[in-house]
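Read in UniProt numbering, the sequence shown has 399 at position 399, and its numbers run on one by one without any break.
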Amino acid sequence: MKKDSDVTQPSSSVEEMQLGVWRVLTEKETTSPFGFAVQWKKFAILLPTIQRFVWDVYTIGPTLLSLLFLAKVWAQLESVVLLHLSNKILSIIEVGLKEGKPDTVAIANAVIARFTIVAISAGVEYWCIRATPILQNRCTHHFEDLIFSSNLATDLPTINENNADSSLSAVPAWENFTTLIAVVARGVETVGLLTYIFQLAVSSRQGPVFVLLCLAKPLINFIFRRSLWDRPYVAEATDPNYLRLRALRELGDTKYRQDIISGNISNYILEEYDKSRDALGDTERGWPTRLYEMKQSLESTVVIELIGDLTMLYYAANAVFNPAKFTLTSIAMLQHSETILGRTFYAAINDIGELRRGMNFMKRVYKVAGLTSIIKDGTLEYPATDGSDKAGMSIDLRNVSFSYPGAKSNKKALDDVTFSIKAGQLVVLVGANGSGKSTIVKLLSRLYDASSGELLVGGQDIRDYKIGDLRGATASLTQDHHLYPLSLAENIGLGYPSQSSNMEMIRDAAQKGGADGFVSKLKQGYSTVLDPKTIQYSVNVTTSDNTPLAKEALEKFEKSADISGGERQRVVASRTFMRFKSGKVKLTIADEGSSALDPEAEWELFKNLRDEREGKTMIFVTHRFGHLTKYADVILCMKDGRLVESGTHEDLMKIPDGEYFKLYDVQAKAFDAPA
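Right under this line is the structure:
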């Protein structure tokens, strides 16, 4: 929970309000409600995005999209056409009733015309229902491809700088386009309705006054409405009871189930949940936009509703003072037209608001698609063609310092680090947590660039090389590596993508990585997908129903499989051995890649890695020294982002007050007999 001192006080240009559980900050309105120029300026900024968006969607199906657009416009104009035909039918009937002689032919023609329009509209709607999914799929796929390719090509610093846009979805793209079509179509409908009402009013000798009265309520609502949707705002849930309630409710997730059961804390959680719910009481938890609209005063609500009845007052006044001006048909049609116009106007205003939000979203999508990586590519090839890197990758750090972008602490992750690693050496990086070991690994992989100093590979600045070549020459095995949602065979095979279906290579790599034993015992073996990305659901049927449907379908649904953390690390290690088969690897980095393995499996893994040492420089980052330090050509000991010691195990153990001696001694004491 935030303390009062942690909450930034708003500036004089920012308005703060508490809406239920939300603290909302928004810019103070400096323009009058009639500031249409300001509203247009905000909308005009989005015009380039609209233009690009329309063209992108148009190119995925020009003919189909044009027909859909015309169909949507027709669907909106249908109300105007049907109004006209209804007016015509009622007028003919009214005249016939007055004269006692209805015009049967005219009535029949008008009814047939209306039926024809309704039938055409039904056919158009039928076609739209079938055409829309095709265009929706194409549109979604287009923007999914755009976002997906951008995400894969973006480096870590760029992602960190644009973290809010890193999880954008392409799903809203089609919704935004249908909103755009709706805005245009409703605009056409509004113009059509206004034209029709004006003509109807003139023919009934009502004049433009009636038209203005029809528009009074929607216009005043538009001008004076309270809405956060049209303003930039930031909302944060700050109610401590609400936040605690959310935290406690999350404990119902299955991932906490084992801890809760074994800890016997269910009753405590329920008691705390009840306390938080009671403390929260009836405090509003709805979205800030809805709560803000609810702040409208009773007086303004009543006045706006009364304004909506001005047309009825107009009818009543004319009925008293000038009854000859009206017919029952004209009154009915004018009132019906007014209702449709109000509904259309409100819908158009909402669509315009939705369009602004939608285009701001698309602006973010195009921003993501246009991101350029902060880590710039070099031009030199690696390894060099002269064979100078035959023994492995040589590495030099000269006064290297680095701070993570956006880090809250002023402390540097690396501070003036200098060391050299010769080609083919086996190096062990040791140090306490947070000492900078993993940061060095990230710099060597060019996930980040050093803030200052030089990092040389083969005597050349690492930034001069092509990133693809450097990463192709590096095999990394870290504790942060994940299994992909693919088969275990492909998980291993992607260490060498061009041979990802070569099962002979994959099995050999799995044997060296220690995964072959347990993978072979799985029901589907190397074809096993641990977390299949299927979509499965049922309606009105559960596995406990004991029905034929439950047995035939639900019980045969593909289930997720699970393996231990150590087995996962073996699969990742196997991927590293698969990478060795490319023949391009000059640097191997193992950053706590055996943290979940038992001692025997860890020893076997390190042995197999050492067996692959020829032609490679090897860097091991570890907390456990036993299996590695005696084989190390050099040990680099880090502390608080600085290199404090370097040398062989024998050299460093001669420094009794040194950092390495302390770290080693702590582990050695675990094996001493108790006093």
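Glycine included, C-beta positions come from ideal geometry on N, C-alpha and C.
Nothing here was measured: the structure is a model prediction, and the numbers come from that model.
query: Valine 430 and isoleucine 635 closer than 8 Å at C-beta; result: yes
query: Nearest-angstrom Cβ-Cβ length linking methionine 333 and asparagine 109, presumed shorter than 8 Å; result: Actually they are not in contact, since the Cβ atoms of methionine 333 and asparagine 109 sit about 19 Å apart, beyond 8 Å.
query: Spatial distance of valine 179 from valine 368 (CA atoms); result: Here residue 179 is threonine; the residue named in the question, valine, does not match the sequence. Approximately 22 Å, taken between the alpha carbons.
query: Coarse secondary structure for serine 487, derived from DSSP in three states; result: strand
query: Methionine 359, buried or exposed, once every other Cβ within 10 Å from all chains shown has been counted against 16; result: buried
query: Cβ pair count under 8 Å reaching 3, the region 377-386 against the region 185-198; result: no
query: Contacting residues, own chain, Cβ-Cβ under 6 Å from alanine 596 (five flanking each side not counted); result: Gly565, Gly566, Gln569
query: Residues that leucine 426 bridges to, as DSSP identifies them; result: Met618
query: Alpha carbon of glycine 424 to alpha carbon of leucine 456, nearest angstrom; result: 16 Å
query: Nearest to arginine 186 (by Cα), restricted to the options Gly308, Phe402, Asp651, Tyr346; result: Tyr346
query: Arginine 446 in three-state terms, based on DSSP; result: coil
query: Local Cβ density within 10 Å of glutamate 99, reported as buried at 16 or more and exposed below that; result: exposed
query: Simplified DSSP assignment, three categories, for lysine 2; result: Below a pLDDT of 50, predicted positions are generally treated as unreliable, and lysine 2, at 49, falls in that range; the measurement from the model is reported next regardless. Reduced to three states, the DSSP call for lysine 2 is coil.
query: Cβ of proline 62 within 8 Å of any chain D Cβ; result: The chain inventory of the structure shown lacks chain D, comprising one protein chain alone.
query: Ranges of the alpha helix (DSSP H) found wholly within the region 447-516, counting only runs of at least 4; result: 467-472, 488-493, 503-513
query: C-alpha gap between serine 582 and arginine 642, whole angstroms; result: 35 Å
query: Rounded straight-line distance, which links the Cα of valine 234 to that of alanine 247; result: 22 Å
query: Under 8 Å between C-beta atoms of leucine 522 and leucine 483; result: no
query: Cross-strand partners of aspartate 396 (DSSP beta bridge); result: Ser420, Leu456
query: Alpha carbon of aspartate 56 to alpha carbon of lysine 42, nearest angstrom; result: 23 Å
query: Identity of the residues DSSP links to leucine 355 by a beta bridge; result: Paired residue(s): none; leucine 355 is not in a bridge.
query: Own chain, CB closer than 7 Å to serine 527, minus 5 neighbours either side, in chain order; result: Ser487, Ala489
query: 6 Å CB neighbourhood of alanine 632 in its chain, flanking five on each side removed; result: Leu426, Val428
query: Whole runs of the alpha helix (DSSP H) within the region 560-597, excluding any shorter than 4 residues; result: 565-580
query: Secondary structure of glutamate 381, DSSP reduced to three states; result: coil
query: Rounded Cβ spacing between lysine 584 and glycine 468 (contact assumed at less than 8 Å); result: That belief does not hold up - the Cβ atoms of lysine 584 and glycine 468 are roughly 11 Å apart, past 8 Å.
query: Serine 246 in three-state terms, based on DSSP; result: In the sequence as displayed, the identity of residue 246 is arginine instead of serine. Here arginine 246 sits in helix by DSSP.
query: Nearest-angstrom beta carbon gap, arginine 285 and valine 21 [assumed within contact, 8 Å]; result: 5 Å
query: Methionine 17, enclosing beta strand (DSSP E) - first and last residue; result: 14-19
query: Same chain, Cβ closer than 6 Å to glutamate 144, five either side skipped, listed in chain order; result: Ala170
query: Cβ neighbours of phenylalanine 53 in the same chain (closer than 6 Å, five flanking residues each side left out); result: Met362
query: Backbone secondary structure at threonine 329 - three-state DSSP; result: helix
query: Cα-Cα separation between glycine 647 and lysine 630, rounded to whole angstroms; result: 12 Å
query: Proximity below 8 Å, CB of glycine 436 to CB of alanine 450; result: no
query: Sequence-distant residues of its chain with Cβ nearer than 6 Å to threonine 238 (five each side left out); result: Arg23
query: Three-state secondary structure (DSSP) of threonine 59; result: coil
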